Amino acid sequence: MAADFKTAQPVEYYRQFLKKDVRPDGRELGEIRSTIVNIGSISTAEGSALVKLGNTTVICGIKAELCTPTNDEPKKGFVVPNVDLPPLCSPRFRPGPPSEQAQVVSQFIADVLKDSKMVNHEDLCIAEGKIVWVLYCDMMCLDYDGNVIDACIISLLAALRNVALPSIEVDEETAKPKLTSSTSSTMTVQSLPVSTSFAIFDNSILIADPTNEEENLATGVVTVVTNECGELCALHKPGGSSLSESQIQECVKRSFSRGDEIRKLLDETFNSLDR
Amino acid sequence: MTSQRADCGNLELRSQSCEQNLLSRPDGSATYCQGDTSVIVAVYGPAEVKQSKEFLDKATLEVIFKPKVGIPGCSEKFQERLIRNTCETIVLTALHPRSSINIIIQVMHNAGSLLSCCVNSTCMALLDAGLPMSCLVAAVTCSLSCDGDIILDPTSQQEKEAKAILTFVFESRDNEIITSNTHGIYSIKQYYSCVEACRKYGFVSCQSPLGTTNTVEQ
Chain L
0 MAADFKTAQP
10 VEYYRQFLKK
20 DVRPDGRELG
30 EIRSTIVNIG
40 SISTAEGSAL
50 VKLGNTTVIC
60 GIKAELCTPT
70 NDEPKKGFVV
80 PNVDLPPLCS
90 PRFRPGPPSE
100 QAQVVSQFIA
110 DVLKDSKMVN
120 HEDLCIAEGK
130 IVWVLYCDMM
140 CLDYDGNVID
150 ACIISLLAAL
160 RNVALPSIEV
170 DEETAKPKLT
180 SSTSSTMTVQ
190 SLPVSTSFAI
200 FDNSILIADP
210 TNEEENLATG
220 VVTVVTNECG
230 ELCALHKPGG
240 SSLSESQIQE
250 CVKRSFSRGD
260 EIRKLLDETF
270 NSLDR
Chain F
0 MTSQRADCGN
10 LELRSQSCEQ
20 NLLSRPDGSA
30 TYCQGDTSVI
40 VAVYGPAEVK
50 QSKEFLDKAT
60 LEVIFKPKVG
70 IPGCSEKFQE
80 RLIRNTCETI
90 VLTALHPRSS
100 INIIIQVMHN
110 AGSLLSCCVN
120 STCMALLDAG
130 LPMSCLVAAV
140 TCSLSCDGDI
150 ILDPTSQQEK
160 EAKAILTFVF
170 ESRDNEIITS
180 NTHGIYSIKQ
190 YYSCVEACRK
200 YGFVSCQSPL
210 GTTNTVEQ
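If you read the sequences in order, they're chains L and F.
Take 0 as the starting number for the first sequence in numbering that gives the first Met the number 0 and just add one per residue.
Take 0 as the starting number for the second sequence in numbering that gives the first Met the number 0 and just add one per residue.
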């Protein structure tokens, strides 16, 4: 009976739950699904992480390659993020060139990476004007159950902290790069941005960490990215129903607490790795 | 305020102008200039829709964003999505089910605050096309300099020097934010002061969009 009601009138079905300040999956309005992080899942990559946010699963692998820097910025390396939403993760994606959604998420992550200054690009320099590192950060969604941006950013952050680069030097005689020692050094991540997304339901109710179903029924979404210094890196609201200042305040407050939770979770995971 | 612009103060917009109905083929068109930034928009619709994109309960809104040079990439897709979502909020798409509304945005010149110029131009073109809308929108961009000064409607040079660039779209009914897009790092307090600074001008533009047009045509 409940299933029929849900299929026939999904919005009304949700309203009945939200009236009682609870969601159909049992969560409270501001509650975020349980987050699982696994670091170093891909042994052939320089850095990797798998993140699960409820059912939403994203795996991030970082490959490092050598390349020549641009003439304008001879000391700066490159970080190239890319998000892949394959047909595997949801029936809404078709095989072929990247979907609009994949391009939009990729661009958002590239913006966050640049705006928050996560990586000091000069750390990726090997020989000025000759050789620098380029980090290809590929995030692949394995299961699309909403809020893929948050999962992608956590996986990128975890994978970047996991990156270990071999030490390389340029041979002066041959001008070719050569390995100096077998040990590899970890990269420092300068800033730790964490994003939190909210869906706006019925033009007024804010729900944190929306599932795919909730995203489809929502009248708008907001994504807030915060860093560890208590600053905002992005407040992205692409259209949808309008928000009052107090609602924005509520979102920002929740994102700060969420950011601290995630940074603590990552620290704990890295500490358990070292042991 | 030390870095005042030659044309006007920091807390004022550059001179704006708009011309509607300048193209003969589209159902609605408009060009909008903010200082040297200029954008031209054409609107087609409601027209026939491809079956794969058809919705039974509303019109399909499509936005095509053409940069001045080069082929459109990821960042253009991002802009397209942002403008499409903004338009979907204001256009009453439910009144034209199973049809398409196409919005084509061509950048003519980018001298800063491009996104807000695109949104303003799109709103004027939609108005010219006579599509039913629940309200109007006005977009304002502002930039935060390193010492925290707010510059409204920044030029590209000012954008380059800025610590953060924030763009807001306000609707005309309650003057609330419907779109917010930001670059760079800023505090929550700075965010609110930017919203307030932009809202003042968003309100003026929303109240008299035709007023701007008329002054230009005279």
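Cβ atoms here follow ideal geometry from the backbone N, Cα and C, with glycine treated the same way.
Note that the coordinates shown come from a computational prediction; the quantities given were computed from them, not determined experimentally.
Asked	Found
Report the residue from L:T268, L:A233, L:L272, L:L264 whose alpha carbon sits nearest the alpha carbon of Q106 of chain L.	L:A233
Mapping DSSP to helix, strand and coil, what is V162 of chain L?	coil
Output, in chain order, the set of chain L residues within a Cβ distance shorter than 8 angstroms of L81 of chain F.	P237, G238
Looking at the structure shown, is T121 of chain F part of a helix, part of a strand, or coil, going by DSSP?	helix
Kindly indicate which three-state DSSP category P9 of chain L falls into: helix, strand or coil?	helix
Report the option in F:R198, F:V38, F:D152, F:N101 whose CA atom is closest to the CA atom of E47 of chain F.	F:N101
If contact means a Cβ-Cβ distance below 7 angstroms, which residues of the region 47-81 of chain F contact chain L?	C73, S74, K76, F77, R80, L81
Of the residues that make up the region 89-101 of chain L, which ones have a beta carbon closer than 7 angstroms to any beta carbon in chain F?	E99
Tell me, to the nearest whole angstrom, how far the beta carbon of V136 of chain F is from that of I82 of chain F; I am working on the premise that it is less than 8 angstroms.	With a Cβ gap of about 10 angstroms, V136 of chain F and I82 of chain F do not count as contacting.
Answer yes or no: does any C-beta atom of chain L fall closer than 7 angstroms to that of N109 of chain F?	no
Answer with buried or exposed for A41 of chain F, where buried requires no fewer than 16 other C-beta atoms within 10 angstroms of its C-beta.	buried
Could you compute how far the alpha carbon of V118 of chain L sits from the alpha carbon of G39 of chain L?	19 angstroms
Residues of chain L with CB under 7 angstroms from Y200 of chain F, in chain order?	By Cβ distance, chain L contributes nothing, its closest Cβ being about 17 angstroms from Y200 of chain F, past 7 angstroms.
Just to confirm the assignment, what range does the beta strand (DSSP E) spanning T88 of chain F have?	Taken as a continuous stretch (DSSP letters only), T88 of chain F belongs to no beta strand (DSSP E), being part of the alpha helix (DSSP H) at 73-89.
From L:K177, L:S181, L:V224, pick the residue whose C-alpha is nearest to that of S196 of chain L; which is it?	L:V224
Is it buried or exposed, V1 of chain L, if we count other Cβ atoms within 10 angstroms and call 16 or more buried?	First, the amino acid is wrong: residue 1 of chain L is Ala here, not Val. Answer is exposed; the Cβ neighbour count stays below 16.
Among F:C17, F:C141, F:A161, which has the Cα closest to the Cα of V194 of chain F?	F:C141
Looking at the C-beta of C59 of chain L, does it have a partner C-beta in chain F at a distance below 7 angstroms?	no
List, in chain order, every chain F residue whose beta-carbon is nearer than 7 angstroms to that of C232 of chain L.	I184
Going along chain L in order, which residues have a C-beta closer than 7 angstroms to the C-beta of N180 of chain F?	H235
Are the CB atoms of L112 of chain L and G76 of chain L nearer to each other than 7 angstroms?	no
For D283 of chain L, which of helix, strand or coil comes out of DSSP?	The question about residue 283 of chain L has no answer here: the residues shown for chain L are numbered 0 through 274.
Would you list the one or two residues that DSSP bridges to V136 of chain F?	F:E170
Exposed or buried, which one is C116 of chain F when buried takes at least 16 other CB atoms within 10 Å?	buried
Here's the rule I'm using: 16 or more other beta-carbon atoms within 10 Å means buried, otherwise exposed. How should Q78 of chain F be labelled?	buried
Between which two residues does the alpha helix (DSSP H) harbouring Q15 of chain F extend?	Careful: Q15 of chain F lies outside any alpha helix (DSSP H), inside the beta strand (DSSP E) at 15-19.
Taking the straight line between their C-alpha atoms, what separation do you get for T121 of chain F and G229 of chain L?	36 angstroms
Is the separation between the beta-carbon of L134 of chain L and that of I58 of chain L shorter than 7 angstroms?	no
If you draw a straight line from the C-alpha of I159 of chain L to the C-alpha of V68 of chain F, how long is it?	Rather than Ile, the amino acid found at residue 159 of chain L in this sequence is Leu. Rounded to whole angstroms, L159 of chain L to V68 of chain F spans 34 angstroms at the Cα level.
Could you tell me whether the Cβ of L189 of chain L comes closer than 7 angstroms to any Cβ of chain F?	Per the sequence presented here, residue 189 of chain L reads as Gln, with Leu not at that position. No, Q189 of chain L lies away from the interface with chain F (no Cβ there is under 7 angstroms from its Cβ).
By DSSP's criteria, Y185 of chain F is part of a beta bridge. Which residues make up the other side?	L:L231
Can a CB atom of chain F be found closer than 7 angstroms to the CB of Q106 of chain L?	yes
Which residue wins for smallest C-alpha separation from Y13 of chain L, given the options L:Q102, L:I108, L:A198, L:T187?	L:A198
Our contact map puts V103 of chain L next to K76 of chain F with C-beta atoms below 8 angstroms; I'd like the distance itself, whole angstroms only.	6 angstroms
Under 9 angstroms between beta-carbons, which chain L residues line up against Q154 of chain F? List them in chain order, please.	Note that residue 154 of chain F corresponds to Thr in the displayed sequence, not to Gln. Under the 9 angstroms cutoff, chain L gives no residues; its nearest Cβ is about 20 angstroms from T154 of chain F.
If you run the structure through DSSP and keep just helix, strand and coil, what is N119 of chain L?	coil
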